[in-house]
Amino acid sequence: MIIETERLILRPFRESDAEDVFEYLHKPAVNCFACMKLETIENARKEMKERVGETEYYFAIVLKENAKVIGEIDAYPETGEPHADESSPKDTFSPCWMLNKKFQGKGYAYEAAHAFFDYLFKEKGARRIYAYTEDYNLASQHLCEKLGMRREGLFLEFVSFVNNPDGTPRYENTCQYAILKKEWR
């Protein structure tokens, strides 16, 4: 699957994307991506080999002008209720987006996320899309709001992605945003 916008292509990852991905995953910008950190270019190459098979829900964000991978976006179908059984519809998605710091502030995240949301609602049967963002990640909160998502809550000390210098978990305050298909413009 390939999704095109005015300036971007959202496409499945390729093994040749390793250097571009290493550029932004060597030092992830926010703690929630700490588990995705790539220590070496060789780790990036291995990661790209694993990503190659995913063609429906995990996309590289690529500049049309030069084919550079500047980020990624993904979301997988899930039930809307944590205790639902296997027969429950999987019509809820929680996207994750990440953009290389060098390309932030240019509208690329909005352009990619808007096209991805449209794809999820129109092609993948999404009923609800929700996103989590740390309370200090104002750019991500702004993106959620620009996409028409409403802030549904703030979870204090919700989750820990990294440890404090003394080894104890550093808990993050997390905002939740969401939008329903009937609210999508």
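So the sequence shown is numbered by the working numbering: it starts at 8 and just counts up by one. Backbone N, C-alpha and C fix where the C-beta goes; we use that ideal spot for every residue, glycine too.
Under 8 Å between the Cβ atoms of residue 191 and residue 123? no
If you run the structure through DSSP and keep just helix, strand and coil, what is residue 14? coil
Using 8 Å for Cβ pairs, my map puts residue 188 next to residue 134. What's the rounded Cβ distance? 5 Å
Helix, strand or coil for residue 148? Go by DSSP, reduced to three states. helix
Would you list the one or two residues that DSSP bridges to residue 70? 15
Taking 8 Å as the cut-off, does the region 9-23 touch the region 65-73 (at least 3 CB pairs, one atom from each stretch)? yes
Count the other CB atoms, across all protein chains shown, that sit within 10 Å of the CB of residue 54; report buried if there are 16 or more and exposed otherwise. buried
In terms of DSSP beta bridges, what is residue 111 paired with? DSSP lists no partner for residue 111.
Using a Cβ-Cβ distance cut-off of 8 Å, determine whether residue 136 contacts chain D. No chain D is part of this structure, which consists of one protein chain only.
Does the beta-carbon distance from residue 77 to residue 139 come in below 8 Å? no
Is the distance from the Cβ of residue 137 to the Cβ of residue 94 below 8 Å? no
Closer than 7 Å by C-beta to residue 127: which residues in its own chain qualify, once you throw out the five before and the five after it? Chain order, please. 82, 100, 133, 136
So, at 8 Å on beta carbons, what are the nonlocal neighbours of residue 118 in its own chain, with the 5 sequence-adjacent residues on each side left out? 12, 13, 14, 15
So the candidates are 130, 146, 49; which of them puts its Cα closest to the Cα of residue 113? 146
Please report how far the alpha carbon of residue 46 lies from the alpha carbon of residue 33, in whole angstroms. 6 Å
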